[in-house]
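What follows is a set of notes on a single structure, which appears directly below.
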Amino acid sequence: GILICGSGEGVSITANKHQNIRCALCWEVEIAQLARQHNNANMIAIPSRFVSEDLAIEMVEAFLNTDFEGGRHQNRVSKISC
Numbered sequence: 021g022i023l024i025c026g027s028g029e030g031v032s033i034t035a036n037k038h039q040n041i042r043c044a045l046c047w048e049v050e051i052a053q054l055a056r057q058h059n060n061a062n063m064i065a066i067p068s069r070f071v072s073e074d075l076a077i078e079m080v081e082a083f084l085n086t087d088f089e090g091g092r093h094q095n096r097v098s099k100i101s102c
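Right, here's the structure in full:
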């Protein structure tokens with residue numbers, strides 16, 4: 021899922037209250053990629069006050085095209101489920 025609000029904080033906090041949601045607040049492409057690779061994020065929250073439209077599109081494309089690495093990261097993801 022893709023969430024957008026001014027700071028991105030409110031929507032990411034709210035999304036993460038729900039079971040099986042791992043929403044990452046992202047403001048750079050690398051952060052979006054790492055959120056998927058290392059934390060298996062399944063939602064991205066974008067702070068529209070701080071991110072241009074072009075950067076938001078880049079981040080979403082990177083987020084959608086990056087796979088979870090699993091392995092040692094799976095242990096951490098298993099611990100954060102609701």
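Under this note's numbering, the letters of the sequence shown match residues 21 to 102, in that order. All residues carry an ideal CB built from backbone N, CA and C; glycine is no exception.
query                                                                                                                                    : result
Checking 8 Å against the spacing of the C-beta atoms, do A65 and A44 come in under that value?                                           : yes
Indicate whether N62 and G21 have their beta-carbon atoms separated by less than 8 Å.                                                    : yes
What does the Cβ neighbour count give for R92, buried or exposed, with the cut at 16 atoms within 10 Å?                                  : exposed
Assuming the contact rule is C-beta atoms closer than 8 Å, S101 and N40 should be a hit. Round their C-beta distance to whole Å, please. : 7 Å
Quick one: using the 10 Å Cβ neighbour count with 16 as the cut-off for buried, is G28 buried or exposed?                                : buried
Under the three-state reduction of DSSP, which class applies to A35: helix, strand or coil?                                              : helix
Determine the direct distance from the alpha carbon of R96 to that of A55, and round the result to whole angstroms.                      : 12 Å
Would you tell me roughly how many angstroms separate the C-alpha atoms of R42 and M79, rounded to the nearest one?                      : 16 Å
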